[in-house]
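Asker: Below is the structure I would like to discuss, written out as C-alpha cells.
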Amino acid sequence: MNANPNFLPDQYDRDRELSINHNYLVEQFADSAEILKKIAELVERCDYTLGREVDKFERRICGLIGARHCVGVGSGTDALMLSLKALGVGPGDEVITTPYTFFATVGAIVTAGARPVFADIGDDYNLDPDQIEAAITERTKAILPVHWAGLPCDMERITEIARHRGLKVVEDACHAILARRHDTFAGRFGDTGCFSLHPLKNLNVWGDGGYLVTDSDELHEKLALMRNHGLLNRDQTAVFAYNSRLDTLQAIVANHLLDKLPHITDSRIAHAAWFDGALAEVDEIAVPKRPVNTKQVYHLYVIRAERRDELQAFLQDRKIDAKVHYPIPMHLQPAAAEFGYERGDFPKTEAVCDSVLSLPVHEFVTREQQEYVVARIKEFYAG
Amino acid sequence: MRVRFVDLGRQYLELREEILAEFDEVSSGGWFVLGPKLQRFEEEFAAFCGVRHAVGVANGSDALLLSLLALGLGPGDEAITAPNSFIASAWAIARTGARLRFCDVGEDMNLDPDKLRDAITDRTKAIMPVHLTGRVARMEEIGAVAAESGISIVEDAAQAVGASRNGIKAGAFGSAAGFSLHPLKNLFVHGDGGVITTSDDSLAEELRRYRNHGLKNRDEAAFWGINSRLDEIHAAIGSLKLKRLEAWNARHREVALRYSEELAGIVEVPVDGPGEFSVYHRYMIRTPQRDELAQHLEERGVETKVNYPIPLHLQEAAKDLGYGPGSFPVCEKLADTILSLPVHAHLTDEEATHVIESVKSFRFVGGV
Chain A
0 MNANPNFLPD QYDRDRELSI NHNYLVEQFA DSAEILKKIA ELVERCDYTL
50 GREVDKFERR ICGLIGARHC VGVGSGTDAL MLSLKALGVG PGDEVITTPY
100 TFFATVGAIV TAGARPVFAD IGDDYNLDPD QIEAAITERT KAILPVHWAG
150 LPCDMERITE IARHRGLKVV EDACHAILAR RHDTFAGRFG DTGCFSLHPL
200 KNLNVWGDGG YLVTDSDELH EKLALMRNHG LLNRDQTAVF AYNSRLDTLQ
250 AIVANHLLDK LPHITDSRIA HAAWFDGALA EVDEIAVPKR PVNTKQVYHL
300 YVIRAERRDE LQAFLQDRKI DAKVHYPIPM HLQPAAAEFG YERGDFPKTE
350 AVCDSVLSLP VHEFVTREQQ EYVVARIKEF YAG
Chain B
0 MRVRFVDLGR QYLELREEIL AEFDEVSSGG WFVLGPKLQR FEEEFAAFCG
50 VRHAVGVANG SDALLLSLLA LGLGPGDEAI TAPNSFIASA WAIARTGARL
100 RFCDVGEDMN LDPDKLRDAI TDRTKAIMPV HLTGRVARME EIGAVAAESG
150 ISIVEDAAQA VGASRNGIKA GAFGSAAGFS LHPLKNLFVH GDGGVITTSD
200 DSLAEELRRY RNHGLKNRDE AAFWGINSRL DEIHAAIGSL KLKRLEAWNA
250 RHREVALRYS EELAGIVEVP VDGPGEFSVY HRYMIRTPQR DELAQHLEER
300 GVETKVNYPI PLHLQEAAKD LGYGPGSFPV CEKLADTILS LPVHAHLTDE
350 EATHVIESVK SFRFVGGV
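Chains A and B, in that order, give the protein sequences. Each step along the first sequence adds one to the number in numbering that gives the first Met the number 0, with nothing skipped, and position 198 is 197. Each step along the second sequence adds one to the number in numbering that gives the first Met the number 0, with nothing skipped, and position 334 is 333.
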C-alpha cells in the first residue's frame with residue numbers, strides 16, 4: 000500500500016515511548032471482562048444498530064444531566080452537524096464560533112453548508128460574548144460556543160445574545176460532560192448540546208461515537224429520523240438523510256463507564272487543582288482564568304508557558320507527554336484560506352495557540368507523576 | 000418449521016471464540032481509531048477486490064458520499080443512479096448538493112445501459128450503478144457510455160462484496176466503489192461500518208483525509224472534512240470474516256442455485272448469465288401474486304421481505320425531482336412483483352427444502 004497519509008500510527012508509536020501519557024486506554028481497559036460479557040450477549044441478541052443498550056444510554060444521559068431527549072449518533076462531529084442541519088442552518092447562513100477549537104467544530108459548520116465566522120476568545124479561553132456581538136451579521140443563523148477543555152462558556156450571556164438577536168445556539172460540549180455553570184450542566188443551555196464519546200474523552204467508548212441532548216420534542220423527532228436515513232418506517236423515507244448511529248456495541252461500553260464517570264471527573268478535577276497550586280509558584284506558567292460558580296471537568300489541563308516549544312521538547316525528552324492542543328488556530332488553517340482571515344485577526348486566540356501546553360490529568364495519573372512533572376518544569380526554567 | 004430471513008446468531012456460533020478474542024485484543028491494546036487493525040483490513044480488502052486501495056469509513060452511506068465528494072461532485076452537477084435501491088444511494092448524491100437523476104433498470108434489476116444515454120445531460124458528472132442483490136451491473140456497457148461523456152463511475156457495491164463479472168470483482172470497475180459492512184450484509188461487522196475501494200492513488204489519499212476531518216497531519220487541515228472512520232474493533236472483525244467470505248458466498252450461491260433450479264417455471268427466478276458471478280445477498284423471485292405468496296409463506300413459517308416496495312423516485316423525499324408513477328416502468332413493475340426468500344450462509348438444506356416446498360404448495364391463480 001502506498002499513499003497512506005494516516006499519521007496516527009507514528010504518533011502512537013512515539014507516545015508509547017513516554018511514561019506519563021495523555022493516553023490512558025490500556026490502563027482503563029486492562030480488565031474488560033464485564034464489558035466483553037455484555038458484548039457477547041449483544042452478539043447473541045444481534046441488535047447491532049439502534050439496539051436496546053442505545054435506548055438505555057440515551058435515557059441515562061437524560062437522567063444524568065436533566066435533559067428531555069438524547070440521541071446517540073456516530074460521533075461528536077456528527078452531533079454538531081446534525082444539530083445545525085436540524086435547526087435549518089445551510090448555504091447562505093453564517094455560524095459564529097471560536098477559532099480556538101478542534102477541526103470538527105468548523106468541519107460541522109462547513110459540512111452543513113454554512114460559513115464559519117470566528118470571534119475571539121476571552122481570558123477563560125472560551126468565546127468572548129462581546130466579540131460574538133461584533134461578529135453578528137444579517138446572515139448569522141446560529142452561535143456555536145465550545146466548552147473548551149471542559150470549561151463551560153459564559154452561557155447566560157451567550158443565550159441572552161442569541162435570544163435578543165433571534166439566533167440558534169448549538170453547544171459543542173464534546174469536552175464537557177458533567178461540567179456545570181451554576182446549577183446547569185453544559186449542553187443544557189442551547190437548542191442542542193453535542194457530546195463526543197471518542198476514546199480519549201472523559202466518557203469514552205471503543206471507537207467513534209457521540210450524542211446530543213435537546214429539550215425540544217420537534218428537534219428530537221427530526222434528529223432521530225436524520226440519524227437513520229430519514230426512515231419513517233422500513234420502507235418509507237420523508238427526507239434523504241444521514242446514517243449516523245451510535246453502535247449498540249459502543250453504547251454497552253458507554254453504559255459501563257457511566258458508572259465510573261463521577262470518579263473519572265472528580266479525579267481530573269483533583270489533579271487539576273493540585274497542578275494549579277503547584278504551578279502557581281512558577282512565574283513562567285499561567286493558567287486560564289477559573290470563573291466562579293463553574294464546574295470545569297478538565298478534559299484537558301491547559302497552561303500557557305513561556306518558551307513553550309522548548310519546554311515541550313524538554314518534557315517529552317523526560318518521558319512526559321506534554322501536548323499542544325492546538326498550535327494552529329482554525330482561522331489560520333490551510334483549509335480556512337477561502338474565508339480570508341489572517342494572523343492578527345484574533346490576537347487572544349493566537350497568543351494562546353503560541354503558548355498553550357496540555358499536561359496529563361486523567362484518572363490514572365498519580366501524585367508522584369504530577370510532582371515529577373512540576374519538578375521538571377521548574378528545572379527547565381531554572382536551567 | 001420456521002425459516003428466518005437472516006440468522007446472525009448462527010454465524011456468531013461458528014466464530015464465537017475468535018470474535019471475542021479480537022474484541023479483547025483491541026480493547027486491551029487501547030487503540031480504537033485508525034490503527035493497525037484498520038490498516039491490515041484495508042490491505043486485505045483491497046487485495047480481495049483486486050484494487051490498489053481500500054479506505055475504511057463509518058458506514059456504507061458515507062462510503063458512497065465520500066467517493067462522490069472526493070471526485071468533486073457538488074452543486075450544479077448531476078449524478079445518475081437506479082431507482083430500485085436502498086435510500087442511501089440516492090441520499091449520497093443528494094447530500095453532495097448535486098441533482099439526483101434516476102435511470103430505469105433492466106431485467107437484471109440493475110441500471111440499463113441502453114437507457115442511460117437518455118438520463119445523461121451536459122451536467123452529468125457521475126453514474127452510480129447499484130449491484131443490487133449482489134449481482135454486478137452490466138459494467139462493460141455502462142463503462143462505455145460513461146467513457147463517451149467523460150463521466151466518473153462510483154459503484155454502489157453495498158450488497159456485492161465478492162461478486163464478479165467476467166473475472167472482475169465488484170469494486171474494481173469504477174473510479175471508486177462503496178461497500179457496507181452493516182450487520183445484514185454478506186460481510187458484516189458488529190455495528191456500522193463501510194469501505195471504499197479505488198485504484199487511484201490520489202483519490203485514496205483524498206479519501207483518507209476526508210474521513211478524518213481533512214487532516215493532513217495532527218495540527219493542520221488541508222480542507223474541512225468529516226469524521227467517518229471504521230472503528231478498529233470493526234476492522235478486526237472484518238479481517239477475521241473476510242477469510243470466510245468466499246465460503247459463505249459459495250453457500251449463498253448454492254442455496255440460490257438450488258432455489259432457481261427448483262422454482263424455475265413456477266415463479267421468475269434469477270439466473271446468472273455468462274461471466275456473471277452473483278453472491279445473492281438477496282434472492283429475489285418475481286410473481287404477479289407476490290403479496291398472496293408472501294402471506295402463504297408466512298403461514299408456512301417462511302419469513303420473506305420486499306427489497307423494496309416503494310421505488311426511490313416515488314418516495315416523499317424525492318417529490319421535488321419531478322418524477323411520478325410511470326417514470327420507470329421496469330422498476331415499478333419490479334416493486335410490485337419482487338419477493339426476497341431467505342438466503343444466508345448458515346441456512347440449512349432442510350430449511351431450503353422447506354422454502355422450496357412452501358413456494359410449490361402455493362396455488363398460483365391461472366397457473367404459472
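Yeah, the Cβ is synthetic: ideal placement off N, Cα and C, and Gly gets one too.
Taking the beta strand (DSSP E) that Ile302 of chain A belongs to, which residues open and close that run?
Answerer: Unbroken beta strand (DSSP E) run through Ile302 of chain A: 300-304.
Asker: Taking the DSSP output, what are the residues bridged to Ala263 of chain B?
Answerer: B:Val266
Asker: Considering only residues of the same chain and omitting the five flanking positions on each side of Gly224 of chain B, which have a CB-CB separation below 8 Å?
Answerer: Closer than 8 Å at the Cβ level, and outside the excluded window around Gly224 of chain B, lie Arg208, Tyr209, Arg210, Asn211, His212, Gly213, Leu214.
Asker: Taking 8 Å as the CB-CB limit, is Asp230 of chain B close to chain A?
Answerer: yes
Asker: If you measure from the beta carbon of Leu7 of chain B to each beta carbon in chain A, is any gap under 8 Å?
Answerer: yes
Asker: Mind the definition here: the stretch 81-98 of chain A touches the stretch 138-150 of chain A only if three or more C-beta pairs lie below 8 Å; say whether that holds.
Answerer: yes
Asker: Span of the alpha helix (DSSP H) holding Glu170 of chain A?
Answerer: Looking at the DSSP string, Glu170 of chain A is not in any alpha helix (DSSP H); the run it does join, the beta strand (DSSP E), is 167-171.
Asker: Where does Pro8 of chain A sit, in a helix, a strand or coil, going by DSSP?
Answerer: Note: Pro8 of chain A maps to helix in three-state DSSP.
Asker: Taking DSSP as the reference, what is the three-state secondary structure of Ile34 of chain A?
Answerer: helix
Asker: Hey, could you find the ends of the beta strand (DSSP E) Thr196 of chain B is sitting in?
Answerer: 193-197
Asker: Would you say Asn226 of chain B faces chain A, with C-beta separation under 8 Å as the test?
Answerer: At least one C-beta of chain A is nearer than 8 Å to the C-beta of Asn226 of chain B.
Asker: Taking CB distances under 8 Å as the criterion, tell me whether Val404 of chain A reaches chain B.
Answerer: Residue 404 of chain A lies beyond the range of chain A shown here (0 to 382); nothing can be said about it.
Asker: Would you mind reading off the limits of the alpha helix (DSSP H) that contains Asp353 of chain A?
Answerer: 346-354
Asker: The stretch 320-331 of chain A: which residues have C-beta closer than 8 Å to a C-beta of chain B, in chain order?
Answerer: Listed in sequence order: Val323, Tyr325, Pro326, Ile327.
Asker: Measuring alpha carbon to alpha carbon, tell me which of B:Arg281, B:Leu296, B:Leu256 ends up nearest Gln288 of chain B.
Answerer: B:Leu296
Asker: Could you check whether Leu338 of chain B and Ile284 of chain B sit closer than 8 Å to each other, using their CB atoms as the reference points?
Answerer: yes
Asker: So Val296 of chain A packs on Gly149 of chain A, CB below 8 Å; how close in whole Å?
Answerer: 4 Å
Asker: Going along chain A in order, which residues have a C-beta closer than 8 Å to the C-beta of Leu63 of chain B?
Answerer: Correct list: empty, because the minimum Cβ distance to chain A is about 10 Å.
Asker: Mind checking which residues open and close the alpha helix (DSSP H) that includes Leu206 of chain B?
Answerer: Segment 200-209, the alpha helix (DSSP H) holding Leu206 of chain B.
Asker: For the alpha helix (DSSP H) that Gly8 of chain B lies in, which residues bound it at each end?
Answerer: Taken as a continuous stretch (DSSP letters only), the alpha helix (DSSP H) holding Gly8 of chain B covers 7-28.
Asker: Hey, could you find the ends of the alpha helix (DSSP H) Gly71 of chain A is sitting in?
Answerer: Where Gly71 of chain A is concerned, there is no enclosing alpha helix (DSSP H), although the beta strand (DSSP E) it sits in stretches over 68-72.
Asker: Taking Tyr307 of chain B as the query, report the chain A residues whose CB atoms sit under 8 Å from its CB, ordered along the chain.
Answerer: Asp234
Asker: Indicate whether at least one CB of chain A lies closer than 8 Å to the CB of Asp1 of chain B.
Answerer: Here residue 1 of chain B is Arg; the residue named in the question, Asp, does not match the sequence. Not closer than 8 Å to any Cβ of chain A, the Cβ of Arg1 of chain B fails to qualify, so no.
Asker: Here's the rule: buried if 16 or more other CB atoms are within 10 angstroms of the residue's CB, otherwise exposed. What is Gln249 of chain A?
Answerer: buried
Asker: Taking beta-carbon pairs under 9 Å, can you tell me which members of the stretch 5-30 of chain A lie near chain B?
Answerer: Asn5, Phe6, Leu7, Pro8, Gln10, Tyr11, Asn22, Tyr23, Leu24, Val25, Glu26, Gln27, Phe28, Ala29, Asp30
Asker: Tell me the DSSP secondary structure of Pro128 of chain A in three-state form.
Answerer: helix
Asker: Here's the rule I'm using: 16 or more other beta-carbon atoms within 10 Å means buried, otherwise exposed. How should Asn165 of chain B be labelled?
Answerer: exposed
Asker: Give every residue of the same chain whose Cβ lies closer than 7 Å to the Cβ of Met0 of chain A, excluding the five residues on either side of it in the sequence, and list them in chain order.
Answerer: Residue confidence is low: Met0 of chain A scores 39 on pLDDT, short of 50, so the model does not pin down where it sits. No coordinate-derived value is stated.
Asker: Within the continuous beta strand (DSSP E) that includes Asp123 of chain A, where are the two ends?
Answerer: Counting along the chain, Asp123 of chain A sits inside no beta strand (DSSP E), nor does DSSP assign it H or E at all.
Asker: Return yes when the Cβ of Phe44 of chain B is within less than 8 Å of the Cβ of Asp230 of chain B, no when it is not.
Answerer: no
Asker: Go ahead and pull the three-state DSSP assignment for His197 of chain A.
Answerer: In the structure shown, His197 of chain A sits in coil (DSSP, three-state: anything other than H, G, I, E or B).
Asker: Counting C-beta neighbours from all protein chains within 10 Å, is the total for Glu356 of chain B 16 or more, i.e. buried, or is it exposed?
Answerer: exposed
Asker: I'd like the span of the beta strand (DSSP E) that includes Ala381 of chain A, first residue to last.
Answerer: Counting along the chain, Ala381 of chain A falls outside any beta strand (DSSP E), though it belongs to the alpha helix (DSSP H) covering 366-381.
Asker: Check Ala2 of chain A in the structure and name its three-state DSSP category.
Answerer: Here Ala2 of chain A scores only 42 on pLDDT, less than 50, and its place in the model is too uncertain to base an answer on.
Asker: So for Leu211 of chain A, helix, strand or coil by DSSP?
Answerer: strand
Asker: Give me, in chain order, the residues of the same chain whose beta-carbon lies closer than 8 Å to that of Lys221 of chain A; leave out the 5 immediate sequence neighbours on both sides.
Answerer: Ala85
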